[in-house]
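*Asks:*
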Ligand code: GLN
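Residue numbers (this note's numbering): 1 to 456.
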């Protein structure tokens, strides 16, 4: 499918919630002028980028795809935005997402769903469906996403793009509207592994304004990707196939492309073995308790007083509680409400140990599974998502089946380890993109670029 067809004349996809055309053009012209004047420019200067609308920007609205923040303008830039501005990347606009990044299909946006450029009746993944659709449709060469349980990688997978969730703490979360703070990470969505590596070098590194930031410089990643892309570039690399994330429950075309990818990796010099991570089977359950608990706490600040929407009760006295209640009833969509209720319940006195406490124990076991696995292999591999893009509306009435789409991406967020999704061809049964996911130990993001470029 050529670029022209997939971009659909910029309409039809609803990838962007806000387009920053004039400013982006001005910024690009300024880069041109500086280049013509012989000024030294950063490597990606002039390459336009789209930004997920969960990341705050001055000069453009930030909504988190929620009525709660409709029309809200941030008084400051997120650190990653500041970095892309310093690197002279013109910002094309803000991309659509599931409300507050909660979902796997972008259908939970308050401003309409985004469509998959490969098939307009299908979802572009979520929560970062806007960023992935924009990149896949050639509306933007680069985009930023956020990944709490797969929101960069699963959209990348179902749109034939590359998506990276960096090591937790390696990219600043300052100015990224919090979903679940112990899991959230910002990362690149791009068309090639090398583009992702170059963008990761721009956005990564220490930030004193994020208390979980790792005090180390970012990269080099691009050089590693170049290494991986050369003939026999994966020689000496040991790759572990995650037994628990293959086989039953994965669509046949996904499994087929996955097996072919293993062959390509072997051909590039890698050794492939099977590895078991027994606690991954419980990761999804633990995630949906920990994530919802953190969501209920992070979303408490939308009280009708401090940010965005304020709604007065339709009748009766105007008290703080009643304003808060009217605001939250009108401002949050059904999925946000579902998770706030679940999280509040899991954290409530008497249930805390049974739910949140148990989930934290499972989290530790998942982390140990990774530690044990990385004693045997350099990187782990699995399909990114059990299925290709599903139909719009197919899972909206069944939250649990929607949650199951994250089965392969969630363990890495629980452990803080980095992961990349790389296109692995099209599923023969429906001609839709399949993604393969690599996972590496904490702070070994460079390995992902080497192995990813080796498969590309
Ligand atoms: N789809 C997952 C969820 O609904 C992941 C979301 C994310 O990574 N932001 O929680």
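In this text, a Cβ means the ideal position worked out from N, Cα and C, and glycines have one as well.
My output table needs one value for residue 293: the three-state DSSP class, helix, strand or coil.
*Replies:* Helix, per DSSP.
*Asks:* Do residue 225 and residue 453 have their C-beta atoms closer together than 7 Å?
*Replies:* Yes; because the gap between Cβ atoms is below 7 Å, this pair is in contact.
*Asks:* Note the first and the last residue of the continuous alpha helix (DSSP H) segment covering residue 203.
*Replies:* Where residue 203 is concerned, the enclosing alpha helix (DSSP H) stretches over 193-203.
*Asks:* Mind checking whether the beta-carbon of residue 148 lies closer than 6 Å to any heavy atom of ligand 1?
*Replies:* Yes.
*Asks:* Check whether the Cβ atoms of residue 405 and residue 104 lie closer than 7 Å to each other.
*Replies:* Their beta carbons are under 7 Å apart, which means residue 405 touches residue 104 by this criterion.
*Asks:* Output the distance between the C-alpha atoms of residue 239 and residue 429, rounded to the nearest integer angstrom.
*Replies:* If I take the Cα positions, the gap works out to 28 Å.
*Asks:* Report yes if the C-beta distance between residue 442 and residue 167 is below 7 Å; otherwise report no.
*Replies:* Yes, the Cβ-Cβ distance between residue 442 and residue 167 is below 7 Å.
*Asks:* Which class does residue 12 belong to by DSSP, given the choice of helix, strand or coil?
*Replies:* Reduced to three states, the DSSP call for residue 12 is coil.
*Asks:* What does DSSP give as the partner residues of residue 271 in its beta bridges?
*Replies:* In the DSSP output, where bridge partners are listed per residue, residue 271 has 238.
*Asks:* According to DSSP, is residue 105 helix, strand or coil?
*Replies:* It is coil, neither helix nor strand.
*Asks:* Enumerate in chain order the residues of its own chain whose CB-to-CB distance from residue 76 is below 8 Å, with the five nearest sequence positions on each side excluded.
*Replies:* Correct list, in chain order: 56, 58 and 175.
*Asks:* Is it right to say residue 91 is buried, meaning 16 or more other beta carbons lie within 10 angstroms of its own, or is it exposed?
*Replies:* When all chains shown are included, residue 91 counts as buried.
*Asks:* The beta strand (DSSP E) with residue 91 in it runs from where to where?
*Replies:* 91-95 is the extent of the beta strand (DSSP E) around residue 91.
*Asks:* What residues in its chain sit with their C-beta under 7 Å from that of residue 292, if we drop five residues either side in the sequence?
*Replies:* Only 339, 342, 343 and 346 meet the Cβ criterion.
*Asks:* Three Cβ pairs or more, each shorter than 8 Å: is that satisfied between the stretch 354-368 and the stretch 271-283?
*Replies:* They touch, by the three-pair rule.
*Asks:* Could you check which residue in 415, 145, 432 and 68 has the C-alpha nearest to that of residue 190?
*Replies:* With distances taken between Cα atoms, residue 190 lies closest to 145.
*Asks:* Where residue 285 and residue 359 are concerned, what is the direct C-alpha to C-alpha distance, given to the nearest angstrom?
*Replies:* Near 8 Å, if we compare the C-alpha coordinates of residue 359 and residue 285.
*Asks:* Measuring alpha carbon to alpha carbon, tell me which residue in 322, 268, 402 and 101 is nearest residue 298.
*Replies:* Out of 322, 268, 402 and 101, 101 has the C-alpha closest to the C-alpha of residue 298.
*Asks:* DSSP three-state label for residue 454, please.
*Replies:* Note: residue 454 maps to helix in three-state DSSP.
*Asks:* Taking buried to mean at least 16 other C-beta atoms within 10 Å of its own C-beta, is residue 388 buried or exposed?
*Replies:* So residue 388 counts as buried.
*Asks:* With DSSP as the reference, identify every bridge partner of residue 438, one or two as the case may be.
*Replies:* 381 and 420, per the DSSP bridge assignment.
*Asks:* Following a CB-centred definition, is residue 151 positioned closer than 6 Å to any heavy atom of ligand 1?
*Replies:* At least one heavy atom of ligand 1 is nearer than 6 Å to the Cβ of residue 151, so yes.
*Asks:* Let's test the definition: count the other Cβ atoms within 10 Å of the Cβ of residue 440 and tell me whether it reaches 16, buried, or not, exposed.
*Replies:* That one is buried.
*Asks:* Applying the criterion that 16 or more other CB atoms from any shown protein chain within 10 Å of the CB defines a buried residue, is residue 27 buried or exposed?
*Replies:* Looking at its Cβ environment, which holds 16 or more other Cβ atoms inside 10 Å, residue 27 is buried.
*Asks:* Let's see if you can read the secondary structure: which residues bound the beta strand (DSSP E) around residue 50?
*Replies:* Counting along the chain, the beta strand (DSSP E) containing residue 50 begins and ends at 49-52.
*Asks:* Identify the residues that DSSP records as bridge partners of residue 185: which are they?
*Replies:* Answer is 147, bridged to residue 185.
*Asks:* Taking the beta strand (DSSP E) that residue 163 falls in, what are its first and last residues?
*Replies:* Residue 163 -> beta strand (DSSP E) spans 162-165.
*Asks:* Check whether the Cβ of residue 127 lies closer than 6 Å to any heavy atom of ligand 1, and answer yes or no.
*Replies:* Checking the Cβ of residue 127 against ligand 1 gives yes.
*Asks:* Please confirm whether any heavy atom of ligand 1 lies closer than 6 Å to the CB of residue 439.
*Replies:* The answer is no for residue 439.
*Asks:* Check whether the Cβ of residue 397 lies closer than 6 Å to any heavy atom of ligand 1, and answer yes or no.
*Replies:* The answer is no for residue 397.
*Asks:* Would you kindly check if the distance between the Cβ of residue 186 and the Cβ of residue 80 is under 7 Å?
*Replies:* Their beta carbons are under 7 Å apart, which means residue 80 touches residue 186 by this criterion.
*Asks:* In or out: residue 329 buried (at least 16 other Cβ within 10 Å) or exposed?
*Replies:* With fewer than 16 Cβ atoms within 10 Å of its Cβ, residue 329 is classed as exposed.
*Asks:* Going by the CB atoms, is the gap between residue 96 and residue 460 shorter than 7 Å?
*Replies:* Summary: the structure shown does not reach residue 460, with the chain confined to residues 1 through 456, and so no result is reported for it.
*Asks:* Using three-state DSSP, classify residue 55 as helix, strand or coil.
*Replies:* Residue state, collapsed to three classes: strand.
*Asks:* Starting from residue 433, follow its DSSP beta bridges and name the residues at the other end.
*Replies:* Partner(s): 426.
*Asks:* Among 67, 83 and 60, whose alpha-carbon lies nearest the alpha-carbon of residue 73?
*Replies:* Per the Cα distances, 60.
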